[in-house]
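Step one of this worksheet: look at the structure below.
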Amino acid sequence: MLTFVIRRLLLAIPTLLLISLVIFLLVDLAPGSPMSEIPRTVPPEVRERMMQAMGANEPVVVRYLLWLRQFFLVEPAYVIDSLMGTNLAGGAQRVLSWQSRMPVFDIIAQRLPQTLTVIGSAYLVGVLIALPIGIYSAYRQYSWFDQLGTFVTMVGSSVPTFFTGVLLIIVFSVNLGWFPSIYDTTLEVTDWASFKMQIMQMALPVTMLALHNATEISRYMRSSMLENLGQDYVRTARAKGMSERVVVLKHVLRNSLIPVVTVIALGIPTIFGGAIIAEQVFKVNGLGTALIGAINASDLPTVQTLTFIFAVLIVFFNLVADILYGILDPRIRYD
Amino acid sequence: MNFRTALLGTTAAATAFIGLAPAAHAQRAADGNVKILYFQAVSVMNPYMSSGTKDVHGSSLVIEPLAGFDEKGGLVPRLVTEIPSVENGGISKDLTTITWKLTPGLKWSDGTPVTADDAVFTYEYCTNADMGCSQAARFQGIKTVEATDPQTIKITFTTPKPNPFSAFVGAASPVLQRAQFKDCVGAAAQTCTEQNTKPVGTGPFTVTDFKVNDVVQLAANANYRDPAKPAFATVTLKGGGDARASARAVMETGEFDYAWNTQINPEFQAQLAAGGKGELISAFSNNVERIELNLTDPSPDLPEGERSQIKNPHPILSDVRVRRALSMAMDRQLLVDVGYGAAGKPTCNVIPAPEIYASPNTNCHVQDIEGAKALLEEAGWTDSNGDGIRDKDGKKLSLLFQTSVNAVRQDFQALVKGWWTQIGVETELKAIEPSVFFGGDPGTPDTYQRFYAEAQLDTLDYDGTDPEAYLGQYVCANVPGPGNGWRGTNINRLCDPAYEKLLADLSKTADLNERAKIIISMNDLLTKDGYVSIPLVDRARLSAKSKTLGGVVLNAWDSELWNASDWYRIK
Amino acid sequence: MRDATGSAEPPLVRVRDLKMFFPVHTGVLRRHTGDVKAVDGVSFDIMEGETLGLVGESGCGKSTVGRALLRLCEITGGSVTIGGVDVATLSPAELRKARPLMQMVFQDPQASLNPRMTVAAIIGEPLDEHTTLSRDEKLARIYELMDAVGLNRRFASHYPHEFSGGQRQRIGIARALALNPKFIVCDEPIAALDVSIQAQVVNLLEDLQDRLGLTYLFISHDLSMVRHIADRVAVMYLGQIAELSPREALYAEPLHPYAKALLSAVPEPDPDREATRKRIILKGDVPSPANPPKGCNFCTRCPEAQERCHSTAPRLSEVAPGRFVACHRVTESAGATGATMANEHNQMGENE
Ligand SMILES: Nc1ncnc2c1ncn2[C@@H]1O[C@H](COP(=O)(O)OP(=O)(O)OP(=O)(O)O)[C@@H](O)[C@H]1O
Ligand SMILES: [Mg+2]
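Protein chains in written order, with the working numbering: chain A, -5 to 329; chain B, 26 to 596; chain C, 3 to 354.
Printed below as a string of structure tokens:
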């Protein structure tokens, strides 16, 4: 297993480097300029100067190599410096956003908390409601519960989140006034009251995303359960005289979870990518909006860094999914 | 009559008004928190780093220029005792120097005194070649900025400046503190994250927490010059979402007190007003939605580099009668009703304000389809084959009409196409992503500068109240082309010696009434006489404020948060 | 019924008029529009210690009979009594308690073993459920069972996928034996195995039967193997029993036309008889169990079909001692001596 992991990690390095180059070229080739958000009253010479100061008009190779250096050498150096009090970085320039001139990693650090709390808990809640629904729907296939579940998931996956989001706002914020429609990123949970506030402001975005996630995962769970319920070993378990609970929860569920756990693990990187629409609608301003904002502003260093981290996470969680598969399914062995 | 008094005649009244409003709330930081929503979030609190509107407005809560504009376009002193003029000796007779006197006793938010040296530093900071200062244009034509004494700033120009109110005037050109920014000169400016996000200022608030592109938290500046202001103890300046959602947050859910730029369609405006929690406020300045016409031939049949160039006059649009007919076909009031509602009004001018510069021309307000048809007939464009499209010498009267992707603009395109079709002009529509259209990438054929079309819908406002620089764009030397990397500003490719003569006169004229006359003539050459541009709608700033927020005066000439020190909670 | 004429000893397994229909739902609203009559009125007895072979072509309902017997599916009608317990009407809790009595060895040894459980867990799980043995005792029992089926004890903590097909089937058998059942349904236990291993497994089953006094329902479509292991053989066609006879009698002289056709395909061990063997090739396809033909369900393919075969269904009746056939022609010529199974059932019911 260990050699497998090491081999996969080593293989990932050239893959990721290639990905980083491809992303860089794609972002660079995309039409649009970092100056597009600047008012048109700003004269061309001034624009030229601004581009120059940002390093935006260097040749693409130079910029790519600079980014590689900053990402792989300078940024880790800063991390080590801040942990150990050393001075490895020596004031070298970090990866700076063109939009705000802030180090991109500082932006990420600012935004990760709300992304993890909102999008992460939405994922968790989604999974937690999806599994029982999927299990019960499969166990009682074609029952009214299953039919309702099929209908809801069909609606859930075909109605876009921006629609459900705005609908939730209109019903629960505008009409009923129960929950805020705008997420307050400055809220710090210090006591019971602020914790309640936090729950309140998470309610709508989490509901929206959890429903969306749940529809997908519950479908996986259902079909995986159905597949296993029809297997002979289930009949064996029944023949052994095991109770229905043991048959379903021990035999069937444990086998059905194998592909579902993989799907869940593969979905985790999307938490870090943030849910662009949810973040926009509820103004959570997490990593998703950072990315879309940077794309709109042609903020190449930010787009590049965020997408690359995203790519790393995808590669990593693919590995995690494979390892999980190996652990859960004794038929799979990596040597 | 002198330049200052006429243009700024309203100043006294404005200051008096501002002075009155908060009288009943004469206690600093008594009104708690005010929540402001900018759907484009603030990226940086230093307008020299970014000239994005949101950044300029956000930073105006903290750092201030010497003087600003009021809601009528008049100048108001901020850090100075009075607005310099030739009369009070602040502007030299030969128009080459301007001298500002700082208000005595002025302090930075850190308690240290504001001195003329800080302004000198700001000038050096922004004009440093390695800095990439986004407001560098404001300091153009300046020879020196000196601190003749700690309270006096003297700016000397290389040539006489009839309008010297560019540097240190308006929210985009504030004074920075030398002590804080001294290590941020040149290339180092880029990495001064702390300074760029938490500048020391003279404004009513100071930054306490800055989350980039998300939220800025501010607190009342303990050293603000007016001890009774600001009324609010803290400000939350949040970003994110879109115009619709931010209007809703103020007017329906009441979660926010103020929302910037709530450009929403008239139908939704009415719906939100019924919410009862807030109101939409609007203010007009010089923002005109117009159709620019291309006087040169953009035909793809021409070799690359010769498209839309002076040497190839447009085969159809070179005839002013055709251009005029295109304008006559417009129903401007309908455009306003469809696209802007309270946030727009019909206009026939590219310079609609301030009042003295506005041409009294209103003849375009009524649509005249028949007149347009007659004019086209007269110009020789007839529908010889009965297909509904006019032609002449075997050439069809067919135009490509482009603009950026934007719901209102696409509505306008459709309406205009309808009218032009009525008068026998075939119209092809094209919509381009804004980041491409306005991106100015010289390698892309779809930028507004390239103008590979006959007509394009866009808007262009200009800084401050004086249109000289703006009118200066329409000169032959400014035509975008391969020679200048497609970076000229003369989008219409106007090459008119009469126009350039007027421009030269304007640059030598200081008297306000004379200037106004010239400006109006130039405006008319672009519009009602020359039909180079077809002005459609004078666009207002449209924002939303809570009914519990008092003291708001929407200002379209400066930062919308220009008088945040006067805002208070209505109890 | 091996000696149905005499012995007063009640059969271990008694099946009467067993029906197992699978509902067919069609359309958008999934309305119940018909049934797959997988088993349609099957009756037979199995005496203690006996092996009843159940043969028939694929899809005729053999597995379904096996499952219905053990109530691994909810039967549509009829009764099943095993060891005096009416399995068909037990409540789920009672049924669980009755499980140790009856077990099944499945057709596909790979699919019937939970891939995420070790051999020890698979064999030991029923012990957890039905006994109060201590951990060590359980382990001892697991080893004992592994020994009994010829599996090396070292493999106790291995997973099913690490075994060969034959070994897997041994695990399945060990598992079935764990609770000391009296009756085991062997559903084509060797169909998925290599020919070389088939004999081993069959020998193992026979061996276990001798040692433990087991009773088997041995389902197979391999007629030679059935001939080898079974005492009596039931031939199934389209959800019904066509003929039920002692092994020797059936193989020597099949009575039902379908049994004749089926057996004509079996190579004879005796070279003389093999030389004269004539294959009877049946024409046409097996009708769908969802829509069986009117009358005798074999009439569409029967080479000897008469008019009445198309109108009335023959009943399974005893035509010679111990030989039951469902064919008008055979019952006619035999003079309809015996009672039908159903009648017999009624009589027995009255006697009780
Ligand atoms: N769960 C079920 N739902 C619907 N139909 C079923 C189901 N199980 C079996 N059937 C049908 O019942 C009939 C008999 O199936 P069964 O598995 O008993 O056949 P078999 O004789 O065991 O065949 P094989 O030799 O291939 O195992 C078939 O037509 C099958 O399609
Ligand atoms: Mg079968």
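C-beta: ideal position from N, C-alpha, C; glycine also.
CB contact below 9 Å: residue i versus chain A
{"i": "Met74/B", "result": "yes"}
{"i": "Tyr218/C", "result": "no"}
{"i": "Met106/C", "result": "yes"}
{"i": "Ile595/B", "result": "no"}
{"i": "Asn116/C", "result": "yes"}
{"i": "Gly167/C", "result": "no"}
{"i": "Glu277/B", "result": "yes"}
{"i": "Asp583/B", "result": "no"}
Span of the alpha helix (DSSP H), counted from its first residue to its last, around residue i
{"i": "Trp138/A", "result": "138 to 152"}
{"i": "Asn249/A", "result": "247 to 267"}
{"i": "Ile13/A", "result": "-4 to 23"}
{"i": "Trp315/A", "result": "Rather than Trp, the amino acid found at residue 315/A in this sequence is Ala. From DSSP, the alpha helix (DSSP H) with Ala315/A extends over 294 to 322."}
{"i": "Ile231/C", "result": "225 to 231"}
{"i": "Tyr63/B", "result": "Unbroken run through Tyr63/B is the beta strand (DSSP E), 58 to 63; no alpha helix (DSSP H)."}
{"i": "Ala47/A", "result": "38 to 48"}
Distance cut-off 8 Å: residue i Cβ against heavy atoms of ligand 1
{"i": "Gly241/C", "result": "yes"}
{"i": "Ser247/C", "result": "no"}
{"i": "Ile175/C", "result": "no"}
{"i": "Pro291/C", "result": "yes"}
{"i": "Gly58/C", "result": "yes"}
{"i": "Ala261/C", "result": "no"}
{"i": "Met227/C", "result": "no"}
{"i": "Gly235/A", "result": "no"}
{"i": "Met238/C", "result": "yes"}
The beta strand (DSSP E) enclosing residue i, as first and last residue numbers
{"i": "Arg170/C", "result": "Unbroken run through Arg170/C is the alpha helix (DSSP H), 167 to 179; no beta strand (DSSP E)."}
{"i": "Asp408/B", "result": "Taken as a continuous stretch (DSSP letters only), Asp408/B belongs to no beta strand (DSSP E), as it is neither H nor E."}
{"i": "His34/C", "result": "33 to 48"}
{"i": "Cys188/C", "result": "185 to 189"}
{"i": "Val183/A", "result": "Taken as a continuous stretch (DSSP letters only), Val183/A belongs to no beta strand (DSSP E), as it is neither H nor E."}
{"i": "Leu100/B", "result": "100 to 102"}
{"i": "Ile123/B", "result": "122 to 126"}
{"i": "His390/B", "result": "Taken as a continuous stretch (DSSP letters only), His390/B belongs to no beta strand (DSSP E), as it is neither H nor E."}
{"i": "Met238/C", "result": "234 to 239"}
{"i": "Gln427/B", "result": "423 to 429"}
Proximity test, Cβ basis, 9 Å: residue i and chain C
{"i": "Asn249/A", "result": "yes"}
{"i": "Val257/A", "result": "no"}
{"i": "Arg134/A", "result": "no"}
{"i": "Glu238/A", "result": "yes"}
Chain B within 9 Å of residue i, Cβ atoms only
{"i": "Gly171/A", "result": "yes"}
{"i": "Gln104/A", "result": "yes"}
Residue i Cβ short of 8 Å to ligand 2 heavy atom set
{"i": "Asp189/C", "result": "yes"}
{"i": "Gln109/C", "result": "yes"}
{"i": "Ile221/C", "result": "yes"}
{"i": "Lys64/C", "result": "yes"}
Could you pull out every unbroken alpha helix (DSSP H) segment of at least 4 residues lying fully inside the stretch 198 to 254 of chain B, listed in chain order? 203 to 206, 218 to 222
Tell me whether the stretch 168 to 179 of chain C and the stretch 193 to 208 of chain C touch, counting them as touching only if at least three CB pairs, one residue from each stretch, are closer than 8 Å. yes
The stretch 314 to 329 of chain B / the stretch 445 to 465 of chain B touching (three or more Cβ pairs under 8 Å): no
Three or more C-beta pairs under 8 Å: does that hold for the stretch 149 to 168 of chain B against the stretch 89 to 99 of chain B? no
Taking 8 Å as the cut-off, does the stretch 233 to 240 of chain C touch the stretch 281 to 297 of chain C (at least 3 CB pairs, one atom from each stretch)? yes
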